[in-house]
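Residue numbers (the working numbering): 810 to 1155.
Every residue gets a Cβ at the ideal spot worked out from N, C-alpha and C, and that includes glycine.
All figures in this text were calculated on a predicted structure; none of them were measured in a lab.
Written below as structure tokens is the structure these notes are about.
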Amino acid sequence: MKTQLAKFEESDDTAVAEDGKKAMELEANMSKLLVKRKRIATDMLSAISECSPLKKCELLDSIGVELEPGEWVRMDNEEEGGFKSVSSMTYRELTEEEKKKLQQQDVVNEFKQKKLEAEAQKNWDRFYNRNRDNFFKDRNWSGQDLQELCHDMDLTVPLTFLEAGCGVGNMLFPMKSAFPNLRLQGFDFSPRAVQMCSERATELGIELESTQVDLSVPSSESAFSEQADLATLIFVLSAIHPDKHAIAVQNMRKYVKTGGSVIVRDYGIHDYAMIRFGRGAKLGDRFYVRQDGTRAFYFRIEELVELFEAAGFECVHKEYLHRQTINHQKQLNVPRIFVQARFVKH
């Protein structure tokens, strides 16, 4: 009996020893594999770091690596086929072909530039008369974006929200839908746009304080009964002559409460739209005129920060948004780039 028991115990000890040996070998092999994978991953990340922000995020996503803080990818359905956006602190590098296109762009004569400046309001009125409220889609992305940018603000409580350059209200009304307690204010350079925005507010049964304002003209008086807790400048500064950007930003001070925020999104340097302008469209460095007479300036993020800091605002967030517009039906894959920032009034 003892002999048989001893054999069982000896057999168990042998099995345990063999299992232990196998476990040690497996652990050693796993360690070697992890070291190898880590070395490969390090080499890949080193190579990826030299890629463009958009390509970098695509490659990181493909190998299951989490994105670095401040860099993210978003797919949306704002346009047919969707788009992919990447946050970065650098703007897009141009291809050799794109550099040649920029070199071929000649600056128009001074007479045309002065004429465009004098007729700026007329051209925007014509734009809205021609397109009415069909050109711009409602910016339904705005609620999510503002919550990300203003994570320290409770947008569900009663706040005064101002859209500077409101157009026909494509941001105002979706914001009211997302945050019903907001009190709405809006102004625009175009009297026709303000009229259409007011008419739309009446149709929707939404209370709106609106008026016509030219941000490029120095003014000390606000057009509204109270200052805003939160204001936006969405593709507004780019439509103003660069020589008047400082005036426009300084004018924003009187519309925002101390401690209030201004969110800016606009065109960024090396945006695809900037590259595709042909002859007779360049007004100056990164400043262009479209066929309908409206104009567009393409910003560096540093320029935006300098403008607002000089006017007494603090920059609490800044980024380039690299957006790849994808339209599978038309086989288009267009690189867009925008600047986005949040400034707090002191």
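Straight-line Cα distance separating residue j from residue i
i, j, result
"K908", "E1018", "46 Å"
"N932", "L968", "34 Å"
"D822", "E834", "Note that D822 has pLDDT 48, beneath the 50 cutoff, so the model's placement of it is unreliable and the number below is only indicative. Rounded to the nearest angstrom, the two C-alpha atoms are 18 Å apart."
"A927", "Q1133", "35 Å"
"G1014", "L981", "13 Å"
"Q1100", "D915", "16 Å"
"A1090", "D934", "20 Å"
"Q1138", "N940", "25 Å"
"V1125", "E1012", "37 Å"
"R1001", "L971", "18 Å"
"D997", "F1044", "12 Å"
"D1080", "I1049", "18 Å"
"Y1076", "F1147", "4 Å"
"F944", "K921", "Since pLDDT at F944 reaches only 47, below the 50 mark, its modelled position is unreliable, and the value read off the structure follows with that caveat. Near 26 Å, if we compare the C-alpha coordinates of K921 and F944."
"D870", "Y1107", "Bear in mind that the predicted position of D870 carries a pLDDT of just 46, short of 50, making it too unreliable to give a figure here."
"Q1149", "L925", "27 Å"
"C959", "L1092", "35 Å"
"K910", "R1095", "13 Å"
"S894", "Q930", "32 Å"
"I1072", "N838", "53 Å"
"G952", "D1023", "26 Å"
"S999", "N1142", "33 Å"
"E906", "S896", "25 Å"
"V882", "H1131", "Because V882 sits at a pLDDT of 36, beneath the cut-off of 50, its placement in the model cannot be relied upon, and the following sentence gives the value as read from the coordinates. If you take the alpha carbons of V882 and H1131, they lie about 10 Å apart."
"Q912", "R1088", "11 Å"
"Y1097", "N938", "22 Å"
"E919", "S986", "46 Å"
"E880", "Y900", "Caution applies to E880, whose pLDDT of 35 falls short of 50 and renders its modelled position unreliable; the value that the coordinates give is listed next. Their backbone Cα atoms lie some 13 Å apart in a straight line."
"E1030", "M1005", "24 Å"
"L1046", "R1151", "14 Å"
When the options are compared against residue i, the one with the closest alpha-carbon
i, options, result
"E1035", "T965, K1127, R1062", "R1062"
"A973", "R1074, I1110, G1089, R1095", "R1074"
"E1111", "K1066, I1078, D1052", "I1078"
"V966", "D1038, P983, R1009, V895", "D1038"
"V1153", "S894, A1040, V1022, S897", "A1040"
"M984", "S1007, M898, G1069, Q956", "Q956"
"N1060", "A1032, M1083, I1084", "A1032"
"S1144", "R1085, Q953, V1003, S999", "Per the sequence shown, the amino acid found at residue 1144 is Pro instead of Ser. Closest option to P1144, Cα to Cα, is R1085."
"Y1064", "A1082, S1028, A1055", "S1028"
"G976", "R1088, S1025, V895, T1020", "T1020"
"P989", "S1007, Q1004, E1008, E1016", "E1016"
"D954", "E1128, H1155, N1142", "E1128"
"L991", "H1155, D963, T1103, T1067", "D963"
"I1026", "H1054, S1047, Q1004, T899", "One point to set straight first is that residue 1026 is Val, not Ile, in the sequence displayed. Minimum Cα distance to V1026 is reached at H1054."
"F936", "H1131, M898, R1104", "R1104"
"S1070", "M898, D961, V917, R901", "D961"
"L1116", "T1067, A1082, A1057, G1068", "A1057"
"M784", "E1030, M1005, G995, R1109", "This structure leaves residue 784 out entirely; the chain is present only between 810 and 1155."
"K1066", "F1122, S986, N918", "F1122"
"G1068", "V1114, G995, R1009, H1155", "H1155"
Reduced DSSP secondary structure (H/G/I, E/B, other) of residue i
i, result
"E1123", "strand"
"E928", "coil"
"G995", "strand"
"S1007", "helix"
"N1142", "strand"
"E877", "Its pLDDT being 35, under 50, E877 is placed unreliably in this model, and the value from its coordinates should be taken loosely. Residue state, collapsed to three classes: coil."
"D870", "For D870, the predicted structure reports a pLDDT of 46, less than 50, and the residue's modelled location is therefore unreliable. The matter cannot be settled from this model."
"S986", "helix"
"V1114", "helix"
"L958", "helix"
"A1032", "coil"
"R1001", "helix"
"E937", "Checking the sequence shown, residue 937 turns out to be Tyr, not Glu. Of the three classes helix, strand and coil, the one that applies to Y937 here is helix, per DSSP."
"D963", "coil"
"Q922", "helix"
"I1049", "coil"
"V1058", "helix"
"N838", "helix"
"G952", "helix"
"L981", "helix"
"L911", "helix"
"E905", "helix"
"L1013", "helix"
Closer than 8 Å: residue i CB and nearest the ligand HEM heavy atom
i, result
"I1015", "This structure lacks the ligand HEM, and indeed carries no ligand of any kind."
Residue(s) in a DSSP beta bridge with residue i
i, result
"K1154", "F1122"
"H1131", "V895, I1146"
"I1043", "R1074"
"E972", "G995, T1041"
"S1019", "G995"
"F772", "There is simply no residue 772 to check, as the chain begins at 810 and stops at 1155 in what is shown."
"V916", "K1091"
- Query: Which full runs of the beta strand (DSSP E) of 3+ residues lie inside the stretch 1063-1101, going along the chain?
  - Reply: 1065-1076, 1091-1093, 1096-1098
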